[in-house]
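Encoded as structure tokens, the structure appears first; notes follow it.
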Amino acid sequence: MNIEPSPSVPTSYRIRRIVRDVAIAVIATISIAACASGASDNPTAADTTGPTVSATGSSATLPTATVGPGRGTAFFSVQPDPVPVTFTMPAGWEVWDLWFVAKSGADPEFGLMFFVVANVYVDGCQWVLVDPPPGPTVDDLVSAYADVPGVAGRVPDVTVDGFKGKQIQYTVPDYNKDECKEGKFGLFKEPHSGTDGPNMSARAPEQENKILTLDVDGTRVVILATYPPGISAQDRTDLDGIISSIQIG
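One rule links them: number in this note's numbering = place in the sequence shown (from 1) + 19.
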């Protein structure tokens with residue numbers, strides 16, 4: 020469903036439906052890997068720096084496409100029950116590790132990611148987090164971004180599949196990888212991440228970020244769309260089309 024410029028009332032039954040209908044054929048433990056800066060860091064590689072999420076159930080009816088064109092599935096790592104997201108991928112796009120929808124073979128990597136965000140970096144290069152950390156609401160996260168350089172002043176309302184929230188526009192500065200801690204420019208910190216570093220890092224200097232922070236029946240989730248400098252008009256259209264096709268739950 021499309022992102023709408025003004026919010027509509029979300030359907031409160033959707034999270035309850037997740038517990039009932041969103042099932043995994045076996046008890047599954049999904050390790051949500053942390054992205055690192057640089058195109059050589061492939062999110063499909065084994066990486067245990069992120070938090071662990073799990074889901075249980077007796078049957079599975081979710082789409083299984085991992086390469087477009089087709090209907091793909093990813094997850095927000097909400098505890099104790101991950102929240103599924105489905106979307107339509109055009110040809111040339113694929114799902115990585117159930118949380119990242121990427122343009123195949125792109126350098127730098129870019130696409131769409133699904134997060135539960137605990138904090139953001141006021142200085143991504145040196146991994147300086149906003150202090151104190153933001154509270155649990157959409158407005159709390161918007162307030163935290165007020166201290167982050169590169170964030171646009173206007174924060175419009177958005178609705179994604181009936182769930183309302185805010186859209187934050189954030190452009191990563193023209194950082195020097197060699198001057199950043201471990202060569203990473205941090206973007207997000209997830210709860211219970213088990214690592215001192217960021218759980219999501221920029222893929223390139225001057226990367227444009229569209230951050231859709233939503234209230235899903237009382238739980239704040241974040242959809243991050245990344246647009247590298249020089250992205251083609253077709254790739255931008257494809258990425259925006261994936262966002263418009265999102266269904267949550």
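Idealized CB from N, CA, C, for every residue including glycine.
Closest by C-alpha distance to E128, out of G216, Q266, S264, G249, is G249. Straight across, the Cα-Cα distance linking D236 with F106 is about 20 Å.
No residue range can be given for Y194, since it is assigned to no beta strand (DSSP E) and is classified by DSSP as neither H nor E. Counting the other Cβ atoms within 10 Å of the Cβ of S251 gives fewer than 16, which makes it exposed. Comparing C-alpha distances from K203 to each of G213, S212, V191 shows the shortest one belongs to V191. DSSP, reduced to helix, strand and coil, places D159 within a helical segment of the structure shown.
The C-alpha of G124 lies about 15 Å from the C-alpha of L258.
For S263, the three-state secondary structure derived from DSSP is helix. For K229, the enclosing beta strand (DSSP E) begins and ends at 227-235. In this structure, the CA atom of S263 is about 10 Å from the CA atom of T256.
Considering only M108, K229, G130, the residue with the shortest C-alpha distance to V177 is K229.
When the Cα atoms are used, Q188 and V167 turn out to be separated by approximately 11 Å.
In the DSSP assignment, no residue is bridged to R255.
Every alpha helix (DSSP H) of 4 residues or more that sits fully in the region 90-177 is shown, in chain order, as 157-164. For S220, the closest of E227, F207, F133 by C-alpha to C-alpha distance is F207. In this structure, V104 lies near F133, with their beta-carbon atoms less than 7 Å apart. In the DSSP assignment, G205 falls within the beta strand (DSSP E) that extends over 205-208. Using a Cβ distance threshold of 7 Å, E209 and A137 count as a contacting pair. Around the Cβ of G154, a 10 Å sphere holds fewer than 16 other Cβ atoms; the residue is exposed. With distances taken between CA atoms, V141 lies nearest to P217 out of P101, P217, D100. For A223, the closest of L233, S212, D158, G205 by C-alpha to C-alpha distance is G205.
CA-to-CA, the gap between P151 and S162 works out to about 11 Å.
Around the Cβ of V241, a 10 Å sphere holds 16 or more other Cβ atoms; the residue is buried. Ranked by Cα distance from G89, the first of E113, Q98, P101 is E113. Between the C-alpha atoms of V170 and V149 there is a straight-line separation of about 14 Å. Just so you know, the alpha carbons of G268 and P99 end up roughly 15 Å apart.
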